[in-house]
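Chain order of the listed sequences is A, B and C. If you count the first sequence from 1, you need to add 151 to reach our numbering. If you count the second sequence from 1, you need to add 553 to reach our numbering. If you count the third sequence from 1, you need to add 24 to reach our numbering. Worksheet: the structure to be examined is printed underneath.
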Amino acid sequence: MKKITIDPITRLEGHGKIEIFLDEEGNVANAYLQIPELRGFEKFCEGRPVEELPRITPRICGVCPAAHHMASTKATDAVYHVDPPLAAKKLRELFYCAHMIHSHIAHFYVLAGPDFIPGYDAPPEERNILGLIKKVGLEIGGEVIKHRAYAQDIQATIGGKATHPVCGLPGGMSRVITEEERKDFEEKAKSFVEFGKFGLKLFDEQVLANKKYLDLITGDVYFMKSYYMGMVDGNNKVNFYDGDIRVVDEDGKEVAKFKPAQYLDYISERTEPWSYLKFPYLKKVGWRGMVEGKDSGVYRVNSLARLNVADGMATPLAQEAYEKFFATLGGKPVHATLAFHWARLIEILYAAERLLELAKDKEVTDTNIRTIPTAIPDEGVGVVEAPRGTLYHHYQTDERGIIQKVNLIVATGNNHAAMCMSVKKAAQAVIKKGEEISEPLLNMVEMAFRAYDPCMACATHSLPGQMPLEINIYDSDGNICQSLRR
Amino acid sequence: MEEFEPKIIAFLCNWCSYAGADLAGTSRIQYAPNVRVIRVMCSGRVDPTFVIKALRAGADGVLIGGCHFGDCHYMEGNYKTARRVALLKKMLGQLGIEEERVWLEWISAAEGSHFAQVINDITAKVKELGPFARQNNS
Amino acid sequence: MVKLKLALYWAATCGGCDVAVLDTNEKILDIVNIADIVFWPIAMDFKRHHVEAMEDKSIDVCLFNGAVRNSELEDIAKLLRAKSKTMVAFGSCACFGGIPSLANLTNRREIFERAYVEAPSNVNPERVFPKTKTKVSEGELELPEFYDTVLALGQVVPVEYFVPGCPPPVDLILKVVDALATNQLPPPGATIAAEKTLCDECPRKKEEKRITKIYRPHEIIPDPERCLLEQGIICMGPATRGGCGARCIEANMPCRGCFGPPTGVYDQGAKMLSALASIYDVKDEKEIARMVEEVLDPAGTFYRFGMSTSLLQRKRM
Ligand code: SF4
Ligand code: SF4
Ligand code: SF4
Ligand code: FES
Numbered sequence: 152m153k154k155i156t157i158d159p160i161t162r163l164e165g166h167g168k169i170e171i172f173l174d175e176e177g178n179v180a181n182a183y184l185q186i187p188e189l190r191g192f193e194k195f196c197e198g199r200p201v202e203e204l205p206r207i208t209p210r211i212c213g214v215c216p217a218a219h220h221m222a223s224t225k226a227t228d229a230v231y232h233v234d235p236p237l238a239a240k241k242l243r244e245l246f247y248c249a250h251m252i253h254s255h256i257a258h259f260y261v262l263a264g265p266d267f268i269p270g271y272d273a274p275p276e277e278r279n280i281l282g283l284i285k286k287v288g289l290e291i292g293g294e295v296i297k298h299r300a301y302a303q304d305i306q307a308t309i310g311g312k313a314t315h316p317v318c319g320l321p322g323g324m325s326r327v328i329t330e331e332e333r334k335d336f337e338e339k340a341k342s343f344v345e346f347g348k349f350g351l352k353l354f355d356e357q358v359l360a361n362k363k364y365l366d367l368i369t370g371d372v373y374f375m376k377s378y379y380m381g382m383v384d385g386n387n388k389v390n391f392y393d394g395d396i397r398v399v400d401e402d403g404k405e406v407a408k409f410k411p412a413q414y415l416d417y418i419s420e421r422t423e424p425w426s427y428l429k430f431p432y433l434k435k436v437g438w439r440g441m442v443e444g445k446d447s448g449v450y451r452v453n454s455l456a457r458l459n460v461a462d463g464m465a466t467p468l469a470q471e472a473y474e475k476f477f478a479t480l481g482g483k484p485v486h487a488t489l490a491f492h493w494a495r496l497i498e499i500l501y502a503a504e505r506l507l508e509l510a511k512d513k514e515v516t517d518t519n520i521r522t523i524p525t526a527i528p529d530e531g532v533g534v535v536e537a538p539r540g541t542l543y544h545h546y547q548t549d550e551r552g553i554i555q556k557v558n559l560i561v562a563t564g565n566n567h568a569a570m571c572m573s574v575k576k577a578a579q580a581v582i583k584k585g586e587e588i589s590e591p592l593l594n595m596v597e598m599a600f601r602a603y604d605p606c607m608a609c610a611t612h613s614l615p616g617q618m619p620l621e622i623n624i625y626d627s628d629g630n631i632c633q634s635l636r637r
Numbered sequence: 554m555e556e557f558e559p560k561i562i563a564f565l566c567n568w569c570s571y572a573g574a575d576l577a578g579t580s581r582i583q584y585a586p587n588v589r590v591i592r593v594m595c596s597g598r599v600d601p602t603f604v605i606k607a608l609r610a611g612a613d614g615v616l617i618g619g620c621h622f623g624d625c626h627y628m629e630g631n632y633k634t635a636r637r638v639a640l641l642k643k644m645l646g647q648l649g650i651e652e653e654r655v656w657l658e659w660i661s662a663a664e665g666s667h668f669a670q671v672i673n674d675i676t677a678k679v680k681e682l683g684p685f686a687r688q689n690n691s
Numbered sequence: 025m026v027k028l029k030l031a032l033y034w035a036a037t038c039g040g041c042d043v044a045v046l047d048t049n050e051k052i053l054d055i056v057n058i059a060d061i062v063f064w065p066i067a068m069d070f071k072r073h074h075v076e077a078m079e080d081k082s083i084d085v086c087l088f089n090g091a092v093r094n095s096e097l098e099d100i101a102k103l104l105r106a107k108s109k110t111m112v113a114f115g116s117c118a119c120f121g122g123i124p125s126l127a128n129l130t131n132r133r134e135i136f137e138r139a140y141v142e143a144p145s146n147v148n149p150e151r152v153f154p155k156t157k158t159k160v161s162e163g164e165l166e167l168p169e170f171y172d173t174v175l176a177l178g179q180v181v182p183v184e185y186f187v188p189g190c191p192p193p194v195d196l197i198l199k200v201v202d203a204l205a206t207n208q209l210p211p212p213g214a215t216i217a218a219e220k221t222l223c224d225e226c227p228r229k230k231e232e233k234r235i236t237k238i239y240r241p242h243e244i245i246p247d248p249e250r251c252l253l254e255q256g257i258i259c260m261g262p263a264t265r266g267g268c269g270a271r272c273i274e275a276n277m278p279c280r281g282c283f284g285p286p287t288g289v290y291d292q293g294a295k296m297l298s299a300l301a302s303i304y305d306v307k308d309e310k311e312i313a314r315m316v317e318e319v320l321d322p323a324g325t326f327y328r329f330g331m332s333t334s335l336l337q338r339k340r341m
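Right, here's the structure in full:
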């Protein structure tokens with residue numbers, strides 16, 4: 152049996168690795184996405200005072216630290232049964248919109264975009280941010296850097312630091328925002344809205360207008376039916392910061408809607424000996440392995456899932472884009488894995504519009520942003536939509552608020568099974584027996600998991616902007632018979 | 554098998570405890586030979602780092618001796634010591650270090666026999682606990 | 025000018041240190057101007073055998089972020105050390121173990137038990153744990169082995185410079201780049217940050233440090249102008265190296281010590297413990313017991329970013 156290794160595909164809690172096994176004929180037998188690292192936050196948070204967790208858990212991931220910070224902060228609210236003042240909630244959501252924008256910009260423009268502009272089959276040395284800039288013009292590159300920096304600035308202003316912010320604590324936020332800062336946020340938000348519109352236009356012109364790409368998006372290689380999970384507000388619109396969790400099936404029918412605190416009734420996790428990352432699945436459906444179908448509890452999260460579970464977007468321009476998205480791709484739900492990218496661009500626009508609404512609201516400068524908790528702490532769950540999907544923090548404490556137990560279900564974890572399946576499917580489609588395995592073909596395999604933006608696909612891919620990739624094909628005696636590298 | 558003889562480091566303040574130890578010596582009071590004395594001007598001079606360093610450097614137990622409350626030559630030194638040692642014990646407990654490895658005792662210049670008693674007690678206790686071995690890598 | 029050969033590597037890390045390099049924004053071009061980046065695994069094609077094939081000391085500077093928590097990472101650290109003239113521990117994880125080194129308060133067995141069996145969402149009646157080698161029907165899959173104790177880079181290989189911070193702030197990163205460009209690095213062994221404590225550069229008003237009660241950060245709305253420690257909130261400033269620009273303090277939150285101990289301090293935790301006990305002004309036994317009670321988690325607070333390089337390094341268990 153031949154084995155193809157794609158290693159490193161870079162980070163999730165460190166590093167990641169794809170193993171593809173070929174059968175005797177040279178066809179793909181199976182594919183595994185392995186996460187070779189674990190750090191043990193669930194254990195070493197025990198004994199810490201619960202209010203410290205918003206400052207500890209962001210170190211799970213420096214690419215989406217604000218998501219952990221917010222999920223953790225909300226869990227501490229729940230542990231103390233405290234409701235923060237409205238101004239604090241608005242400030243948190245404003246902060247969090249900035250985070251979404253930062254993360255999505257980095258992913259789309261730096262990492263995923265080059266697969267479409269200049270294109271997945273362009274030479275690897277052009278398939279990066281520089282190639283993208285070459286194609287669309289230099290000022291675009293400047294806009295990308297500028298807006299990512301804006302988003303980081305807003306987070307740093309509110310949170311002390313953009314990476315590993317410190318502003319959230321049980322009952323509210325630590326620092327009052329000045330009127331001057333609010334005005335600055337408002338200006339930046341206006342610019343984000345323009346940038347968000349621009350992104351969708353770019354996608355229209357460069358991707359959708361090109362039949363080759365549209366076919367690729369809607370074609371079989373990247374098609375996978377599954378359940379979808381995401382957070383919605385009271386009107387079933389997409390929300391990143393707060394709401395209920397909704398799950399729809401492959402026909403788009405709602406099969407569950409629950410409060411964060413009820414997550415254990417809906418999600419179970421499986422351990423496989425070959426990965427340090429677990430495999431969550433829908434508890435009521437059950438685990439049938441990595442297979443499609445309604446009786447398989449595999450579900451997906453992240454941008455596409457959020458759009459699929461919601462009835463729409465809460466802001467006007469994003470709503471327009473949402474409608475166009477489903478109209479173009481044949482109605483709800485969309486099962487095209489590559490559509491995660493398009494959905495991400497729609498979310499940038501939503502986050503920008505929402506951020507603008509919040510920045511215009513003078514209440515965010517209110518000085519009353521803390522409610523001092525008075526209840527006896529016990530247990531709480533905090534959930535947000537991280538850029539990469541639904542993120543659960545669940546804490547149990549003693550009566551002084553010292554952590555006894557922690558459970559975490561991280562965004563990328565939710566997609567672990569689905570990513571393995573998508574990779575396998577793409578590999579099966581592009582690696583055919585007897586045919587030479589070329590670099591663009593392997594890139595198409597990588598595109599399958601890159602669509603999920605699996606945390607490894609972080610901002611840091613920017614400089615030369617390409618994923619490292621090495622493929623070794625072993626014969627059954629373990630000797631390398633073909634080696635491909637870029 | 555040879556019997557375990559613990560190594561005890563004693564930080565004694567110059568004005569009371571060290572004088573107490575001296576008295577034990579001149580009075581020829583017998584006590585366990587396991588202790589190495591380090592004289593400091595005041596128990597308040599004993600930084601928690603010293604205690605941890607002593608353990609890391611091979612001590613099995615540490616004694617800090619100072620003047621009784623109210624008698625410190627520098628007025629407040631021993632109160633500070635009391636607070637530090639109490640907190641240090643809690644922290645060492647979290648690091649898996651038995652509370653009885655670190656002792657704080659008030660010993661005046663006149664209490665030679667008390668000093669001897671303390672040394673015998675700490676030696677016996679630490680003997681019971683066994684050697685302190687810092688664990689490092691897996 | 026001959027361009028420097030620069031390598032960036034990440035070990036057990038969150039990625040925030042890499043994001044910090046990107047946060048230099050357009051100035052990242054200055055870095056590219058003075059240096060050829062020969063390795064940056066997240067950005068470039070990088071395999072172990074490429075490094076192995078290089079001449080010893082052929083990399084000018086290696087910026088290494090992340091802690092060391094398995095044998096694979098230890099090997100890579102040793103390899104990069106051999107190939108690099110200058111090794112820089114970049115970020116608190118590489119310098120002191122960082123937050124991941126809080127795992128030194130537990131061990132592999134406990135972590136596995138919690139993560140894979142005990143957690144309430146798990147369904148694992150057969151007690152399956154990740155293994156270094158797994159036979160699947162198509163072949164064999166491998167995972168690296170997990171260590172009990174997290175190590176800082178300097179505990180595995182000699183290190184010339186330390187750049188603390190979780191993550192290091194942009195101005196410090198630029199300072200390092202500048203020093204590299206102009207060949208004005210300080211003598212080896214130096215930490216690139218302030219020499220003195222954070223309190224020394226903290227803009228807050230300090231009066232007489234005396235407290236009789238400790239407040240947890242959520243229990244009190246602190247005066248934004250006054251020293252937090254004097255208001256009864258544990259702030260690691262007195263035991264922490266300056267140089268971060270008091271970033272957390274500016275957000276009205278206490279320092280948690282990510283810059284590690286200042287020059288001359290051997291053990292950050294012991295130093296902070298000492299500072300706190302010194303200003304907590306109570307005298308009788310009962311009050312002292314109350315103080316001990318109020319400091320809920322001395323080890324996890326005072327060694328928040330530095331269990332690995334603390335004198336005791338880990339919990340005995
Ligand atoms: S020092 Fe902080 S930012 Fe850097 S890798 Fe460690 S946890 Fe992440
Ligand atoms: S203790 Fe904290 S708040 Fe006070 S001066 Fe030092 S750093 Fe500033
Ligand atoms: S205030 Fe303390 S914890 Fe915050 S960045 Fe500075 S050194 Fe690190
Ligand atoms: S002089 Fe003896 S304790 Fe201060």
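Where is the CB? At the ideal position from N, CA and C, for every residue including glycine. Note that the coordinates shown come from a computational prediction; the quantities given were computed from them, not determined experimentally.
Any chain A beta carbon closer than 9 angstroms to C/GLU274: yes
A/GLY564: CB within 8 angstroms of a non-hydrogen atom of ligand 4: no
Within chain C, partners of A/ARG243 - CB distance below 7 angstroms: Chain C residues near A/ARG243: none, gap ~13 angstroms exceeds 7 angstroms.
Beta-carbon neighbours of C/LEU129, restricted to chain B and to distances below 8 angstroms: GLN647 and LEU648
DSSP state of B/MET628 mapped onto helix, strand, coil: coil
Straight-line Cα distance separating A/VAL535 from A/ILE393: Strictly speaking, residue 393 of chain A in this sequence is Asp, with Ile absent from that position. Answer to the nearest angstrom: the Cα atoms are 6 angstroms apart.
For C/LYS199, three-class secondary structure by DSSP: In the structure shown, C/LYS199 sits in a helix (DSSP, three-state: H, G or I).
B/GLN647 and A/GLY198 closer than 9 angstroms at C-beta: yes
Nearest-angstrom Cα separation, counted from C/ASP42 out to A/ALA610: Note that A/ALA610 has pLDDT 28, beneath the 50 cutoff, so the model's placement of it is unreliable and the number below is only indicative. So the alpha carbons of these two residues sit roughly 8 angstroms apart.
Cutoff 9 angstroms: B/ASP613 Cβ touching any chain C Cβ: no
Beta carbon proximity, B/ASN690 to chain C, threshold 9 angstroms: For B/ASN690, the predicted structure reports a pLDDT of 46, less than 50, and the residue's modelled location is therefore unreliable. The matter cannot be settled from this model.
Between the CA atoms of A/ALA526 and A/GLY288 - distance to the nearest angstrom: 57 angstroms
Cβ-Cβ separation, A/PHE192 to A/THR208 (assumed contact under 8 angstroms), whole Å: 6 angstroms
The stretch 114-127 of chain C contacting the stretch 140-147 of chain C, beta-carbon criterion three pairs below 8 angstroms: no
Cβ contact check for the stretch 224-232 of chain A and the stretch 291-306 of chain A: 3 or more pairs under 8 angstroms: no
Residue span of the beta strand (DSSP E) that contains C/ASP84, given as start and end: 83-89
Pocket of ligand 4 (residues with CB nearer than 6 angstroms to any heavy atom), chain order: Those residues placing their Cβ nearer than 6 angstroms to any heavy atom of ligand 4 are, following chain order, B/CYS566, B/TRP568, B/CYS569, B/CYS595, B/SER596, B/GLY597, B/GLY619, B/CYS620, B/CYS625, B/HIS626, B/TYR627, B/GLY630 and B/ASN631.
Neighbouring residues, chain B, relative to C/ALA326 (Cβ below 8 angstroms): Reading the sequence as shown, one finds Phe at residue 326 of chain C and not Ala. Those within 8 angstroms of C/PHE326 in chain B are MET644.
Neighbouring residues, chain B, relative to C/LEU335 (Cβ below 7 angstroms): ILE605, LYS606 and ARG609
Cβ-based neighbour list, C/TYR94, same chain, cut-off 7 angstroms, excluding 5 preceding and 5 following: It should be noted that the sequence gives Asn, not Tyr, for residue 94 of chain C. For C/ASN94, where only same-chain residues beyond five positions count, the Cβ hits under 7 angstroms are PRO168, GLU169, PHE170 and TYR171.
A/VAL317 Cβ short of 8 angstroms to ligand 3 heavy atom set: yes
Simplified DSSP state of A/TYR473, which is helix, strand or coil: helix
The stretch 378-395 of chain A / the stretch 456-472 of chain A touching (three or more Cβ pairs under 8 angstroms): Flag = yes, the stretch 378-395 of chain A and the stretch 456-472 of chain A touch.
Within chain D, partners of A/CYS212 - CB distance below 9 angstroms: Structure shown: chain D not included; protein chains present are A, B and C.
Top-ranked residue by Cα proximity to B/LYS678, from B/ALA572, B/GLY623 and B/LEU616: Ranking B/ALA572, B/GLY623 and B/LEU616 by Cα distance to B/LYS678 puts B/LEU616 first.
Exposure of C/LYS7, with buried meaning 16 or more beta-carbon neighbours within 10 Å: One cannot answer for residue 7 of chain C here, as it falls past the ends of chain C, which runs 25 to 341.
Residues of its chain near A/PHE430, where Cβ-Cβ distance is below 7 angstroms and the 5 sequence neighbours each way are ignored: Answer for A/PHE430: GLU420, ARG421, GLU423, HIS567 and ALA568, listed in chain order.
For A/PHE409: DSSP bridge partner residues: A/ILE396
Closer than 8 angstroms: C/ILE123 CB and nearest ligand 1 heavy atom: With a cutoff of 8 angstroms, C/ILE123 counts as near ligand 1, since its C-beta is closer than that to a heavy atom of the ligand.
beta-carbon C/GLY163 near ligand 1 non-hydrogen atom, thresh 8 angstroms: No, since every heavy atom of ligand 1 falls outside the 8 angstroms radius drawn around the Cβ of C/GLY163.
Outcome for A/ILE523 when other beta-carbon atoms lying within 10 angstroms are tallied against a minimum of 16: exposed
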